[in-house]
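Q: In the numbering used here, the protein residues as written are 2 to 677.
This is the structure, below, for whatever I ask next.
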Amino acid sequence: MKEECVKTAASLLSAMDPNADPCEDFYQFACGTWDKKHLIPEDKSSINTFEVLADRLQVILKGLLEETINRFDSSATIKAKLFYKSCMNISQIRHIGDTPIHELLNSFGGWPVIWNDNDWKPPKYSIEVLLGRLKREYNEGIIIESWIGPDDKNSSVNILQLDQMQLGLPSRDYFLKNNSMEALQAYHKYMTEIAILLGANKSTAPMELLKIIEFEIKMANITQTDTDRHDTSETYLKLSLNDLQNQVPEFNWTLYFNTILQFKVSDQEPIVSYAMNYFIELGQLLNNTDRRVIQNYIIWRLVQSTILPHMIDDFQYKRLDFKKILLGILSERSRWRDCVDWTNKRLGMAVGALFIRDNFSLDSKVTAMDMIQSIREAFNELLNENHWMDKQTRIVAKAKADAMKERIGYPELLTNADELDKEYIMLNVTEDQFIRNVFNVLKFDAYQNIDVLRKPVDKDKWSTEPAVVNAFYNPNKNHIVIPAGILQPLFYSQHFPKSLNYGGIGVVIGHEITHGFDDKGRQFDKNGNMIEWWDTETINTFREKAQCMVDQYSKYKMQEVNLHVNGRMTQGENIADNGGLKQSFRAYKKWVTKHGEEPLLPGIDMTHDQLFFLNYAQIWCGSMRPEDALTKFRSSVHSPGPTRVWGPLSNSDDFAKAYGCPSGTRMNPVNKCIVW
Numbered sequence: 002m003k004e005e006c007v008k009t010a011a012s013l014l015s016a017m018d019p020n021a022d023p024c025e026d027f028y029q030f031a032c033g034t035w036d037k038k039h040l041i042p043e044d045k046s047s048i049n050t051f052e053v054l055a056d057r058l059q060v061i062l063k064g065l066l067e068e069t070i071n072r073f074d075s076s077a078t079i080k081a082k083l084f085y086k087s088c089m090n091i092s093q094i095r096h097i098g099d100t101p102i103h104e105l106l107n108s109f110g111g112w113p114v115i116w117n118d119n120d121w122k123p124p125k126y127s128i129e130v131l132l133g134r135l136k137r138e139y140n141e142g143i144i145i146e147s148w149i150g151p152d153d154k155n156s157s158v159n160i161l162q163l164d165q166m167q168l169g170l171p172s173r174d175y176f177l178k179n180n181s182m183e184a185l186q187a188y189h190k191y192m193t194e195i196a197i198l199l200g201a202n203k204s205t206a207p208m209e210l211l212k213i214i215e216f217e218i219k220m221a222n223i224t225q226t227d228t229d230r231h232d233t234s235e236t237y238l239k240l241s242l243n244d245l246q247n248q249v250p251e252f253n254w255t256l257y258f259n260t261i262l263q264f265k266v267s268d269q270e271p272i273v274s275y276a277m278n279y280f281i282e283l284g285q286l287l288n289n290t291d292r293r294v295i296q297n298y299i300i301w302r303l304v305q306s307t308i309l310p311h312m313i314d315d316f317q318y319k320r321l322d323f324k325k326i327l328l329g330i331l332s333e334r335s336r337w338r339d340c341v342d343w344t345n346k347r348l349g350m351a352v353g354a355l356f357i358r359d360n361f362s363l364d365s366k367v368t369a370m371d372m373i374q375s376i377r378e379a380f381n382e383l384l385n386e387n388h389w390m391d392k393q394t395r396i397v398a399k400a401k402a403d404a405m406k407e408r409i410g411y412p413e414l415l416t417n418a419d420e421l422d423k424e425y426i427m428l429n430v431t432e433d434q435f436i437r438n439v440f441n442v443l444k445f446d447a448y449q450n451i452d453v454l455r456k457p458v459d460k461d462k463w464s465t466e467p468a469v470v471n472a473f474y475n476p477n478k479n480h481i482v483i484p485a486g487i488l489q490p491l492f493y494s495q496h497f498p499k500s501l502n503y504g505g506i507g508v509v510i511g512h513e514i515t516h517g518f519d520d521k522g523r524q525f526d527k528n529g530n531m532i533e534w535w536d537t538e539t540i541n542t543f544r545e546k547a548q549c550m551v552d553q554y555s556k557y558k559m560q561e562v563n564l565h566v567n568g569r570m571t572q573g574e575n576i577a578d579n580g581g582l583k584q585s586f587r588a589y590k591k592w593v594t595k596h597g598e599e600p601l602l603p604g605i606d607m608t609h610d611q612l613f614f615l616n617y618a619q620i621w622c623g624s625m626r627p628e629d630a631l632t633k634f635r636s637s638v639h640s641p642g643p644t645r646v647w648g649p650l651s652n653s654d655d656f657a658k659a660y661g662c663p664s665g666t667r668m669n670p671v672n673k674c675i676v677w
């Protein structure tokens, strides 16, 4: 234990800048030398603690996936190993070449730009059939994003749902802001070079694909900003298929859904739309756009998302050129890292079954369960001390917190080989056909999504892979998920003192609990239904307190791009950070009251209260390239790392007390923003 304590202290010290004043800039104090020892690799756009841990996890998964198939493997884990093996079989991928790609494109009517001008003829089927087939066969939501999932207002029922599409660049700003011309030109160059590799005419392709850019700019113009879409209750609209058809008559919705579902959908079929204005304008845009342009765009987006990430050689080089402009990435990362990533994302439960055999202990699960219980109790105590909520809303809020379920480590399914095999029974994987394996997995995912219509929502089903460095809250299920992959240092270790575990995974747990009560989560009741269960006066007070945080965070600057944080777009995560920190510290202090203070760490002159906040801050050590910072500024709901230290700690009286920060210092301002 003593050796572990020395290692832990050394790790904490190695990132710190002891010359920085913790009361003026705690991020510099906690992380001041971290980025000097963690230069951004050429194959990354950023480096941070999460990515370092994810890289370590990848090494473990690589070892597991490269193990020879043995008697401990089930059908599911064999498929994961074969998928990875096919991904690493570069010579076979080269031998097969781009034949599967051309077969795929031709099956959807072809990519006009790679045909001679007069050779391409529009397929006899309509745009509605084309988009429906893409969704049904490859789970691709191009132009229209559709899926089947829990109804926000009746979370036990799966329902057809619609939303505006994700554009080909990370944010609509890249299409609409004058200062994004370089990225837009790189995007046009990228699609042109890919088309030429697939057979397009070098002289005519650039001009033809410029029409795609013009079309996507029009698409971007009819989308809403992420900030405007932030309030789910305002964008949610349930209507019948007949009503949808009447509002958007230019698009044959019945044909679209019949194609996806392969049965005749009733005029009264309920549908939830989150972007009605988008669809109304989309109908007119499609009606006024040449079919060749629409076909070129749809097939480009299919190529961009489904094919290009998995291709090698010339395709890979063109993709890297594009990523250099968009994200600042300078080189491709090792093939094995991509293959591990894809295998884990595509066959996450099978990979999880391999991971938990030797890399996750039952003790970790028990400890995490105990921590969740103690942090939930701390949340309820803070609720009782809350003076801005009316009594009835407070009672219902407590009931929601008490009803919140936790999913720790992995689903029990992973320990039952027969049940796990059933999950993948419809999936066919071979060891020498990587691109076809990718297509098969996409078809499998599409089938899984469609299959849940008319079936009750399975609220016990995990929706994330266990071997991932992240955590989640699901408002429809009112449960938090703490996967096995995040239960590792700096977040958690059986050898850590409790101060570090509560400052690490404890704050993460509190963060996820608080998501149930942030600006979005508060709209859902204990059963996961979107319903207004708050008193009007309490809502107004909540909004005032949330606005305080919006204003506070909007003053923080992203130094890499000299732009201020979008306090409104990031408010949910900021509220969760602040609440999680407060709850976890209270739970930690209750643990100390019950069990007594632990011995101090050797070689680091800090109290355990100070270590709690230090470990929290070091979770957010990191740096990013300016290009990546701009992308995150435009599209991320998370504040950058330094802001996630400055914001919550400057709002914390517990932090100010632990570090003896005088009132009025930057990390202990007189006026603080507190929601939970």
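We put the CB at the ideal spot given by N, CA and C, even for glycine.
Short of 7 Å in beta carbon distance, which residues of its chain neighbour E598, apart from the five on each side in sequence? Order them along the chain.
A: Sequence index remark: in the sequence shown, residue 598 carries index 597 (1-based). Excluding residues within five positions, the ones whose Cβ falls inside 7 Å are H609.
Q: Determine the contact status of L168 and A201, defining contact as a CB-CB distance below 8 Å.
A: For the purposes of this step, residue 168 is taken as residue 167 along the sequence shown, with counting starting at 1. For the purposes of this step, residue 201 is taken as residue 200 along the sequence shown, with counting starting at 1. Against a cut-off of 8 Å, the Cβ pair of A201 and L168 comes out as no contact.
Q: Decide if K8 is buried, meaning its Cβ has at least 16 other Cβ atoms within 10 Å, or exposed.
A: Along the sequence shown, one-based indexing puts residue 8 at 7. Exposed, since its Cβ has fewer than 16 Cβ neighbours within 10 Å.
Q: With three or more C-beta pairs closer than 8 Å as the rule, is the region 77 to 87 touching the region 283 to 296?
A: At 8 Å Cβ cutoff, the stretches do not touch.
Q: Based on Cα-Cα distance, which residue from V676, W677, G648 and S267 lies nearest to P670?
A: Within the sequence shown, the letter at position 669 stands for residue 670. P670 has its Cα closest to that of G648, out of V676, W677, G648 and S267.
Q: Between I675, D74 and N49, which lies nearest to F356 when the distance is taken from Cα to Cα?
A: Taking the sequence shown and counting its residues from 1, the one referred to as residue 356 is at position 355. Considering only alpha carbons, the answer is D74.
Q: Would you say N159 and L414 are within 8 Å of each other, going by their C-beta atoms?
A: Position 158 of the sequence shown, counted from the start, is the residue given in the question as residue 159. Position 413 of the sequence shown, counted from the start, is the residue given in the question as residue 414. No, they are not a contact pair.
Q: Can you tell me which of Q225, P19 and K190 puts its alpha carbon nearest to the alpha carbon of S636?
A: Here residue 636 refers to the residue found at position 635 when the sequence shown is read from its first residue. Of the listed residues, the one whose Cα sits closest to S636 is Q225.
Q: Is there contact here, the region 179 to 191 with the region 315 to 332, by at least three beta-carbon pairs under 8 Å?
A: Verdict: yes, contact present.
Q: Evaluate contact between the region 372 to 379 and the region 117 to 130, counting only Cβ atoms and requiring at least three cross-stretch pairs below 8 Å.
A: No: fewer than three Cβ pairs fall under 8 Å.
Q: Could you spell out where the alpha helix (DSSP H) holding L161 opens and where it closes?
A: Here residue 161 refers to the residue found at position 160 of the sequence shown. L161 -> not in any alpha helix (DSSP H); beta strand (DSSP E) instead, spanning N155 to Q165.
Q: Taking the alpha carbon of A468 as the point to measure from, which residue in D578, Q29 and L62 has its own alpha carbon closest?
A: Working through the sequence shown from its first residue, we reach residue 468 at position 467. Among D578, Q29 and L62, the Cα nearest to that of A468 is on L62.
Q: Taking DSSP as the reference, what is the three-state secondary structure of I214?
A: The count along the sequence shown starts at 1 and reaches residue 214 at position 213. Helix, per DSSP.
Q: Does the region 233 to 253 come close enough to the region 272 to 279 to have 3 or more Cβ pairs within less than 8 Å?
A: In short, these stretches touch, since the Cβ pair count reaches three.
Q: Please state whether the Cβ-Cβ distance between I481 and D520 is less than 8 Å.
A: For the purposes of this step, residue 481 is taken as the residue at position 480 of the sequence shown. For the purposes of this step, residue 520 is taken as the residue at position 519 of the sequence shown. No. Outside cutoff.
Q: Write down the C-beta distance between D403 and T539 rounded to the nearest angstrom, noting that I regard them as a contact closer than 8 Å.
A: Residue mapping note: residue 403 aligns to position 402 of the sequence shown, counting from 1. Residue mapping note: residue 539 aligns to position 538 of the sequence shown, counting from 1. Not a contact, Cβ separation roughly 19 Å.
Q: Leaving out five residues on either side along the sequence, give the residues of the same chain with a beta carbon under 7 Å from the beta carbon of T571.
A: Mapped onto the sequence shown, residue 571 falls at position 570. Y554, V638, H639 and S640.
Q: Kindly indicate which residue of W463, D36 and Q162 has the alpha-carbon position closest to the one of E424.
A: On the sequence shown, position 423 is the one that residue 424 refers to. It is W463 whose Cα lies nearest to the Cα of E424.
Q: What do you reckon, are the CB atoms on P484 and T515 nearer than 8 Å?
A: As a working note, residue 484 is residue 483 in the sequence shown. As a working note, residue 515 is residue 514 in the sequence shown. Going by C-beta atoms, P484 is not nearer than 8 Å to T515.
Q: K346 and Y139: beta carbons closer than 8 Å?
A: For the purposes of this step, residue 346 is taken as the residue at position 345 of the sequence shown. For the purposes of this step, residue 139 is taken as the residue at position 138 of the sequence shown. No, these two residues do not count as a Cβ contact at 8 Å.
Q: Alpha carbon to alpha carbon, what distance is there between I451 and D268?
A: Counting from 1 along the sequence shown, the entry for residue 268 is found at position 267. Counting from 1 along the sequence shown, the entry for residue 451 is found at position 450. Computed Cα separation, rounded: 19 Å.
Q: Does the separation of the CB atoms of Q162 and R338 fall below 8 Å?
A: On the sequence shown, position 161 is the one that residue 162 refers to. On the sequence shown, position 337 is the one that residue 338 refers to. Not in contact: Q162 and R338 (Cβ atoms no closer than 8 Å).
Q: From D605 to L612, what distance separates their C-alpha atoms?
A: By one-based count along the sequence shown, residue 605 stands at place 604. By one-based count along the sequence shown, residue 612 stands at place 611. This sequence places Ile at residue 605; Asp is not what is there. Distance between the alpha carbons of I605 and L612 is about 9 Å.
Q: Quick one: Cα of P498 to Cα of I409, how far?
A: As a first step, residue 498 must be located in the sequence shown, where it is residue number 497. As a first step, residue 409 must be located in the sequence shown, where it is residue number 408. When rounded, the distance between both Cα atoms is 21 Å.
Q: Should K546 and I675 be called a contact, given that it needs their Cβ atoms to be closer than 8 Å?
A: Taking the first residue of the sequence shown as 1, we reach residue 546 at position 545. Taking the first residue of the sequence shown as 1, we reach residue 675 at position 674. Result yes, Cβ atoms of K546 and I675 sit closer than 8 Å.
Q: What's the gap between the Cα of S651 and the Cα of L256?
A: Your numbering for residue 651 matches position 650 in the sequence shown. Your numbering for residue 256 matches position 255 in the sequence shown. Each residue's Cα considered, the two are about 55 Å apart.
Q: Do you know whose CA, among F109, I41 and V593, lies nearest L331's CA?
A: Translated into the one-based positions of the sequence shown, residue 331 becomes position 330. The candidate whose alpha carbon is nearest that of L331 is I41.
Q: Is the distance from the Cβ of N502 to the Cβ of S156 below 8 Å?
A: Position 501 of the sequence shown, counting from 1, holds the residue named residue 502. Position 155 of the sequence shown, counting from 1, holds the residue named residue 156. For N502 and S156, no; Cβs fall outside 8 Å.
Q: Residues in its own chain within less than 8 Å of T678 by CB, not counting five upstream and five downstream?
A: Given a span of 2 to 677 for the chain in the structure shown, any question on residue 678 remains unanswerable.
Q: Please classify F492: does DSSP put it in a helix, a strand, or coil?
A: For the purposes of this step, residue 492 is taken as residue 491 along the sequence shown, with counting starting at 1. Three-state result, F492: coil.
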